[in-house]
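A.B. asks: Respectively, the protein sequence lines represent chains G and B.
Sequential numbering from 1 applies to the first sequence in full-length UniProt numbering.
Sequential numbering from 1 applies to the second sequence in full-length UniProt numbering.
Got a structure for you, questions after.
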Amino acid sequence: MSIFNLVYIVCGALGIILLVYKLPDLRRRWSSPQLWSLCVLILATTLGMTLAAPVFVDMVYAATGVPNLAAPIVYSLEVAYSAAALCLVLFWRFPAEVAWRRVRWIVPCYAGVIVAMAVLFAVSDVHAIRQVDFITYYATEPTVAAFLVAFFVASLIADGALVYQCVKGGRMAAEAGLPWLRRGLRFYATAVWFGVICYVVLLVVIVLDWLGIRQFDPLSTAAPAFGALGIVPGVIGFILPIWGPRRPVFRRWARKWRGFFALRPLHRALRHVNPSAVTVAPGKALDPHHRVRRQLTELNEFRLGLGRYLDEGVREQALSRGRDAGLTGEALNAVVEAAQLKAAVTSARAGVAAPPRSTPVDETRDGDPEAEYNWWVSVARAYSHSPVVAAVVAADGAPNTKLVGG
Amino acid sequence: MDKHQRRELVGSVAAQFDLSADVTYRDLARQVGTVWSNHTGHRVTVRFARLPNEHITGATAVLADGSFLVICVDSQGWHFRLQVLLHEFAHQLLGHKYITLDKRAGLNLLMPNVLPRMAEFIATRTEFSQAEEAEAETVADELLAALTENRSPTQPVPPGTSDNLSRLRETLEH
Chain G
1 MSIFNLVYIV CGALGIILLV YKLPDLRRRW SSPQLWSLCV LILATTLGMT
51 LAAPVFVDMV YAATGVPNLA APIVYSLEVA YSAAALCLVL FWRFPAEVAW
101 RRVRWIVPCY AGVIVAMAVL FAVSDVHAIR QVDFITYYAT EPTVAAFLVA
151 FFVASLIADG ALVYQCVKGG RMAAEAGLPW LRRGLRFYAT AVWFGVICYV
201 VLLVVIVLDW LGIRQFDPLS TAAPAFGALG IVPGVIGFIL PIWGPRRPVF
251 RRWARKWRGF FALRPLHRAL RHVNPSAVTV APGKALDPHH RVRRQLTELN
301 EFRLGLGRYL DEGVREQALS RGRDAGLTGE ALNAVVEAAQ LKAAVTSARA
351 GVAAPPRSTP VDETRDGDPE AEYNWWVSVA RAYSHSPVVA AVVAADGAPN
401 TKLVGG
Chain B
1 MDKHQRRELV GSVAAQFDLS ADVTYRDLAR QVGTVWSNHT GHRVTVRFAR
51 LPNEHITGAT AVLADGSFLV ICVDSQGWHF RLQVLLHEFA HQLLGHKYIT
101 LDKRAGLNLL MPNVLPRMAE FIATRTEFSQ AEEAEAETVA DELLAALTEN
151 RSPTQPVPPG TSDNLSRLRE TLEH
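In structure tokens:
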């Protein structure tokens, strides 16, 4: 029995996770009927799966003393799931006011099915407790057979409609260029197919039982567990439309963390210039976008603080050595900047200001929204790793080779 | 101001900027004055100057005619200038009190060499608390993010999308 407990309880737990994830969305859009339908659908199937676990079947019996009472509860929950599924299909297909007119028929019909199943169960003679083979054990009991037929018909109609809507919606999503929604809907359809296959197998087994063929009875215990596993593609279908389009956000997030760690050595080397400028907004310590924005702002502040120590001689030497090393464009500029900053840090510590500049101030740096980030990452890499920067700073520090700007 | 109010404020202010695809930091910095002016109904004069104290990067004062004078450090990059201007603007958005200068100060603007000293004068007399500075810095940071970073995960609605598909998206994409 443990495998059935495991399957049903794990599937039920997955359903609870989905529901917990979806509830804040429901809170935000309280008046959305399709969201309500989806949440009721998840709730009903989750409770149904969980209560189908043998451990809960025993608990229901222990609590009520009614043999097999878990069976009508589980099947009623599955009928409630079917009603929610039909409502969801209608709210997807039609504007709310049109859908409501049909939903007002669906809900009483499915409530009627639940009542009929309860009455049929009440008049049935089902005293032997059957944890997982209730269906086949009592298949030849006429009232139980009617109970099961009502359940299967109600479920197959709803599942068929849901599969149709998911497939149709997937095609519309593909035509509209929404690949993640298309994939999600395909997984939803696959999840529902698990239930459809389960019900068809059970129906065939029951019909064979009515005909006196009992060899296929073991299938009736495996089929519901197989149907419950439909929650797995259901979860995938749930995740893809939500998180698929967010992949660029993850990429940017990862890239910013890489940038943060690339900038950190330079930031740490310069922060003594103006430590009071270093701040992290409350609650944003783990937001790499904020951390990098702060680093860029603070690096600019540090550079301002080092202004009087930025040596034109170091700049000329870095330009010359960089060109000799084959550097051009932004790479050359980054090496020059890194060399100036590194030499300025040494001069600032020694308290030796650079000679006044003889040439005009550099052209003000501008660019698209990523330019500043790219610039400082290049400078940070040059600061830590460039042999040209190391050579220029070493030459600048040596008394007999120190260049004097001007 | 809680984070929801701040997000709303930042969203409404950012919406007043022209954020076309080829916009640069300088374009955005230039727009700060216009948006600020639209926001207050007063002229905003932005001047860039080399400031003598490296711990002062920007200063703002109200002139006698109600217009704003913003002095910003002429740093090497427009990104930093934009950040400084947004910080100064954030004080105004948050209702912090700038100092008011007399008429003579307005005339001094005609002499560029006066700007660094005026910035220092304004900065030393402006009494923003540490909490106000931190709040302005947070708003400026979020404005900078809204203006220079695109982190929206939502896919645009393709033209001609059916209501049926819109309802599917509304249910499944959040």
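Backbone N, C-alpha and C fix where the C-beta goes; we use that ideal spot for every residue, glycine too.
Under 9 Å between C-beta atoms, does V23(B) make it to chain G?
C.D. replies: Along the second sequence, read from residue 1 onward, the residue named residue 23(B) stands at position 23. True, the Cβ-Cβ gap to chain G drops below 9 Å.
A.B. asks: Assign G11(B) to one of three DSSP states: helix, strand, or coil.
C.D. replies: As a first step, residue 11(B) must be located in the second sequence, where it is residue number 11. G11(B) falls in the helix class under three-state DSSP.
A.B. asks: So what does residue 438(G) bridge to, in DSSP terms?
C.D. replies: With chain G running from 1 to 406 in the structure shown, residue 438(G) is simply not present.
A.B. asks: Looking at V74(G) and G48(G), is the spacing between their C-beta atoms short of 9 Å?
C.D. replies: Position 48 of the first sequence, counting from 1, holds the residue named residue 48(G). Position 74 of the first sequence, counting from 1, holds the residue named residue 74(G). Yes.
A.B. asks: Within the same chain, show all residues whose beta-carbon is closer than 8 Å to that of R308(G), passing over the 5 residues directly before and after it, in chain order.
C.D. replies: The sequence position of residue 308(G) within the first sequence is 308, counting from 1. The residues are A353 and A354.
A.B. asks: Return yes when the Cβ of A13(G) is within less than 9 Å of the Cβ of V40(G), no when it is not.
C.D. replies: As a working note, residue 40(G) is residue 40 in the first sequence. As a working note, residue 13(G) is residue 13 in the first sequence. For V40(G) and A13(G), no; Cβs fall outside 9 Å.
A.B. asks: Could you confirm whether any beta carbon from chain G is found closer than 9 Å to the beta carbon of E149(B)?
C.D. replies: To locate residue 149(B), count along the second sequence from 1; it is residue 149. At a cut-off of 9 Å between beta carbons, E149(B) contacts chain G.
A.B. asks: Could you tell me which residues DSSP puts in a beta bridge with F48(B)?
C.D. replies: Along the second sequence, read from residue 1 onward, the residue named residue 48(B) stands at position 48. According to DSSP, which records beta bridges pairwise, F48(B) is partnered with C72(B).
A.B. asks: Considering just the uninterrupted stretch of the beta strand (DSSP E) at A354(G), what are its terminal residues?
C.D. replies: If you number the first sequence from 1, residue 354(G) lands on position 354. Per DSSP, A354(G) lies in no beta strand (DSSP E) segment and is marked neither H nor E.
A.B. asks: Of all the CB atoms in chain G, is at least one closer than 9 Å to the CB of Q76(B)?
C.D. replies: What you label residue 76(B) is simply residue 76 of the second sequence in a count that begins at 1. Residue-level contact by beta carbon holds for Q76(B) and chain G, with a gap shorter than 9 Å.
A.B. asks: Does the beta carbon of N113(B) come closer than 9 Å to any beta carbon on chain G?
C.D. replies: Along the second sequence, read from residue 1 onward, the residue named residue 113(B) stands at position 113. Judged by the 9 Å Cβ criterion, N113(B) is not in contact with chain G.
A.B. asks: Between S32(G) and chain B, is there a C-beta pair that is closer than 9 Å?
C.D. replies: Residue mapping note: residue 32(G) aligns to position 32 of the first sequence, counting from 1. Output row for S32(G): interface = yes.
A.B. asks: Identify each residue in the region 146-166 of chain G for which the Cβ-Cβ distance to at least one residue of chain B is less than 7 Å, and report them in chain order.
C.D. replies: none
A.B. asks: Do you know how far the Cα of T143(G) is from the Cα of L38(G)?
C.D. replies: If you number the first sequence from 1, residue 38(G) lands on position 38. If you number the first sequence from 1, residue 143(G) lands on position 143. Using only the alpha carbons, I get a separation of about 32 Å.
A.B. asks: At which residues does the alpha helix (DSSP H) containing V123(G) begin and terminate?
C.D. replies: Walking along the first sequence from the start, residue 123(G) turns up at place 123. No alpha helix (DSSP H) contains V123(G), which DSSP labels as neither H nor E.
A.B. asks: Just grab the DSSP bridge partners of I242(G) for me.
C.D. replies: Translated into the one-based positions of the first sequence, residue 242(G) becomes position 242. The partner list for I242(G) (beta bridge, DSSP) is empty, contrary to what the question assumes.
A.B. asks: Check whether the region 119-129 of chain G touches the region 54-72 of chain G, taking contact to mean three or more Cβ pairs, one atom from each stretch, closer than 8 Å.
C.D. replies: Segment contact: the region 119-129 of chain G against the region 54-72 of chain G, three or more CB-CB distances shorter than 8 Å; contact assigned.
A.B. asks: Suppose contacts are defined by Cβ-Cβ distances below 9 Å. Is L341(G) in contact with L229(G) by that definition?
C.D. replies: Position 341 of the first sequence, counted from the first residue, corresponds to residue 341(G). Position 229 of the first sequence, counted from the first residue, corresponds to residue 229(G). Not a contact, by the Cβ cut-off of 9 Å.
A.B. asks: Starting from the C-beta of P153(B), find all residues in its chain whose C-beta is less than 8 Å away, skip the five residues before and the five after it, and write them out in chain order.
C.D. replies: Within the second sequence, the letter at position 153 stands for residue 153(B). Because the pLDDT at P153(B) is just 49, under 50, the model does not fix this residue reliably, and the value given afterwards should be weighed accordingly. Its chain contains no residue whose beta carbon lies nearer than 8 Å to that of P153(B) once the 5 sequence neighbours on both sides are disregarded.
A.B. asks: Does DSSP classify A21(B) as helix, strand or coil?
C.D. replies: Position 21 of the second sequence, counting from 1, holds the residue named residue 21(B). Coil, per DSSP.
A.B. asks: So, do the region 13-24 of chain B and the region 40-49 of chain B have three or more beta carbon pairs nearer to each other than 8 Å?
C.D. replies: no
A.B. asks: If you run the structure through DSSP and keep just helix, strand and coil, what is G322(G)?
C.D. replies: In the first sequence, residue 322(G) corresponds to position 322, counting from 1. Three-state result, G322(G): helix.
A.B. asks: Considering V132(G), what are the terminal residues of the alpha helix (DSSP H) in which it resides?
C.D. replies: What you label residue 132(G) is simply residue 132 of the first sequence in a count that begins at 1. First-last for V132(G): undefined, no H or E at that position.
A.B. asks: Might you give, ordered along the chain, the residues of its own chain that have their beta carbon closer than 8 Å to the beta carbon of H174(B), omitting 5 neighbours on each side?
C.D. replies: Walking along the second sequence from the start, residue 174(B) turns up at place 174. Excluding residues within five positions, none has a Cβ falling inside 8 Å.
A.B. asks: Between which two residues does the alpha helix (DSSP H) harbouring T279(G) extend?
C.D. replies: Walking along the first sequence from the start, residue 279(G) turns up at place 279. From DSSP, T279(G) is part of no alpha helix (DSSP H); its letter is neither H nor E.
A.B. asks: Could you please tell me which residues of the region 92-104 of chain G, in chain order, have their CB closer than 7 Å to any CB of chain B?
C.D. replies: W92, R93 and P95
A.B. asks: Given that a residue counts as buried once 16 or more other Cβ atoms are within 10 Å of its Cβ, and exposed if not, what is N113(B)?
C.D. replies: Numbered from 1 along the second sequence, position 113 holds the residue referred to as residue 113(B). The residue is exposed, with fewer than 16 neighbouring Cβ atoms inside 10 Å.
A.B. asks: Would a check of beta-carbon distances place W257(G) closer than 9 Å to chain B?
C.D. replies: Reading the first sequence from its first residue, position 257 is the one you call residue 257(G). No, its Cβ sits nowhere closer than 9 Å to a Cβ of chain B.
A.B. asks: For H87(B), tell me which candidate among I99(B), W36(B) and H42(B) has the shortest Cα-Cα distance.
C.D. replies: Translated into positions along the second sequence, residue 87(B) becomes position 87. Residue W36(B) is the option with its Cα nearest to H87(B).
A.B. asks: As a quick exercise: from E372(G), I213(G) and A325(G), pick the residue whose alpha carbon is nearest that of Y137(G).
C.D. replies: On the first sequence, residue 137(G) is found 137 positions in, with the first residue counted as 1. Answer by Cα proximity: I213(G).
A.B. asks: Could you list which residues in chain B have their beta carbon closer than 9 Å to that of N274(G), in chain order?
C.D. replies: Here residue 274(G) refers to the residue found at position 274 when the first sequence is read from its first residue. Chain B residues near N274(G): E54 and H55.
A.B. asks: Strictly under 9 Å for the Cβ-Cβ distance: is H289(G) near chain B by that measure?
C.D. replies: For the purposes of this step, residue 289(G) is taken as residue 289 along the first sequence, with counting starting at 1. It does: the Cβ of H289(G) has a partner Cβ on chain B nearer than 9 Å.
A.B. asks: Name the chain B residues that come within less than 8 Å of P241(G), Cβ to Cβ?
C.D. replies: By one-based count along the first sequence, residue 241(G) stands at place 241. Ordered by position in chain B, the residues that pass the 8 Å Cβ test against P241(G) are R169, L172 and E173.
A.B. asks: Could you check whether the Cβ of T138(B) sits closer than 9 Å to any Cβ belonging to chain G?
C.D. replies: Mapped onto the second sequence, residue 138(B) falls at position 138. It does; some Cβ of chain G falls within 9 Å.
A.B. asks: Between the region 214-226 of chain G and the region 170-185 of chain G, do at least 3 Cβ pairs fall closer than 8 Å?
C.D. replies: Taking 8 Å as the limit for Cβ pairs, the verdict is that the region 170-185 of chain G does not touch the region 214-226 of chain G.
A.B. asks: Taking the continuous alpha helix (DSSP H) assigned at K169(G), which residues delimit it?
C.D. replies: Mapped onto the first sequence, residue 169(G) falls at position 169. Note that residue 169(G) is Gly in the sequence shown, not Lys. Residues P142 to E175.
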